[in-house]
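Okay, so here's the structure we're looking at.
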Amino acid sequence: MERRSKTGTSLLNRSTQKAIHRKLMGWFATSRRNYPWRTTQNWFHLIMAELMLRRTRSDQVASVYESFTKKYRNASQANLDPDGVQEELRSLGLNWRNEQILQTIQFLSHTFGSRRRLQATVDLTETPGIGDYCNAMVRSKLFQDTLPAIDSNIARIYCRLTDVKFHPEMRRKAWLRQLAADFMQTATASSSNNDPFEINLALLDLAALVCKPSAPRCIECPIQKHCKTGQKKL
DNA sequence: CTCCTGAATT
DNA sequence: AATTCAGGAG
399 MERRSKTGTS
409 LLNRSTQKAI
419 HRKLMGWFAT
429 SRRNYPWRTT
439 QNWFHLIMAE
449 LMLRRTRSDQ
459 VASVYESFTK
469 KYRNASQANL
479 DPDGVQEELR
489 SLGLNWRNEQ
499 ILQTIQFLSH
509 TFGSRRRLQA
519 TVDLTETPGI
529 GDYCNAMVRS
539 KLFQDTLPAI
549 DSNIARIYCR
559 LTDVKFHPEM
569 RRKAWLRQLA
579 ADFMQTATAS
589 SSNNDPFEIN
599 LALLDLAALV
609 CKPSAPRCIE
619 CPIQKHCKTG
629 QKKL
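Per the numbering used here, residue 399 is the first one in the first sequence, and the count goes up by one each step.
Structure, rendered in structure tokens:
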């Protein structure tokens with residue numbers, strides 16, 4: 399029985415990764431989506447955005463995010479007003495999630511209070527409701543940490559690149575996480591467009607705008623040349 | 001691995 | 001109407 403090599407570079411060699419990074423960021427420069435949480439330096443607002451975005455469209459989150467962040471500037475303020483938080487989140491639906499968000503706020507408030515900055519040593523995955531994906535987004539933004547964010551959409555990109563049948567559980571597979579980590583290392587070692595958070599955003603936007611779940615727009619894709627799935631369409 | 005849950009998609 | 005989605009937790 400053949401065993402697939404588990405290293406990222408064996409699936410996508412280093413020079414291909416470099417080429418993908420260059421093309422991806424060129425595309426991102428003109429195609430990026432702009433949302434308020436992408437420019438905030440407020441760690442609490444950034445976390446809240448990621449929680450709201452779970453299972454919810456970005457455009458729907460935008461107005462709620464604006465209202466929420468005006469009302470609550472830090473975790474302590476939000477924790478003092480759980481009813482108001484519920485009210486702010488209500489239009490997003492998913493009430494079970496809102497209960498969880500309140501618990502997350504409570505933990506953040508108790509642990510970090512109203513402090514403006516988090517220490518770079520903080521491990522946010524110890525916070526209830528925050529896992530690897532959210533941690534990577536927040537740490538890459540706040541500390542330029544070279545952590546690849548892997549949600550189902552980004553996992554889909556890596557599966558298509560390497561012609562592996564996609565399944566939502568793929569985002570947890572060791573070979574995919576290794577590949578994503580390798581790509582982040584290659585990309586951040588580049589001399590330009592090497593901001594880890596921007597690289598995470600570029601992949602998210604490519605997944606949302608081009609490498610869609612069904613009917614991907616391979617013709618418009620900046621990395622079709624390097625994608626095994628895209629190559630089949632030529 | 002399975003479960004959660006209701007919006008989005010087909 | 002039926003299926004898919006989606007990070008996190010167990």
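Ideal placement from N, C-alpha and C gives every residue a C-beta, glycine not left out. All figures in this text were calculated on a predicted structure; none of them were measured in a lab.
Asked                                                                                                                      : Found
Exposure of Ser538, with buried meaning 16 or more beta-carbon neighbours within 10 Å                                      : buried
Neighbourhood of Asn551 by C-beta, 7 Å cutoff - its chain only, sequence neighbours within 5 removed                       : Leu602, Ala605 and Ala606
Under 8 Å between C-beta atoms of Gly491 and Pro620                                                                        : no
Closest by C-alpha distance to Lys421, when choosing among Ala585, Arg431 and Ala613                                       : Ala585
For Val483, three-class secondary structure by DSSP                                                                        : helix
Alpha-carbon spacing of Asn440 relative to Lys630, whole angstroms                                                         : 44 Å
Cut-off 6 Å between Cβ atoms - residues of its own chain near Arg402, not counting five sequence neighbours on either side : For Arg402, the predicted structure reports a pLDDT of 49, less than 50, and the residue's modelled location is therefore unreliable. A value from the coordinates is still provided. Counting only Cβ-Cβ distances below 6 Å, and skipping sequence neighbours, we find nothing.
From Asp593, Thr509, Arg455 and Gln475, residue whose alpha carbon lies closest to that of Ser489                          : Arg455
Pro546 in three-state terms, based on DSSP                                                                                 : coil
Cβ neighbours of Ala534 in the same chain (closer than 8 Å, five flanking residues each side left out)                     : Asp543, Leu545, Pro546, Ala547, Ile548 and Asn598
Close-in-space but distant-in-sequence residues of the same chain around Leu451 (CB under 7 Å, 5 per side omitted)         : Val459
Length of the line joining the Cα atoms of Gln622 and Leu410                                                               : 14 Å
Top-ranked residue by Cα proximity to Thr560, from Ile418, Cys625 and Pro480                                               : Cys625
Boundaries of the alpha helix (DSSP H) in which Pro566 is found, first to last residue                                     : No alpha helix (DSSP H) holds Pro566; DSSP gives it neither H nor E.
Residue from Asn472, Arg570 and Phe564 with nearest C-alpha to Ser612                                                      : Phe564
Reduced DSSP category for Val459 - H, G, I as helix; E, B as strand; rest coil                                             : helix
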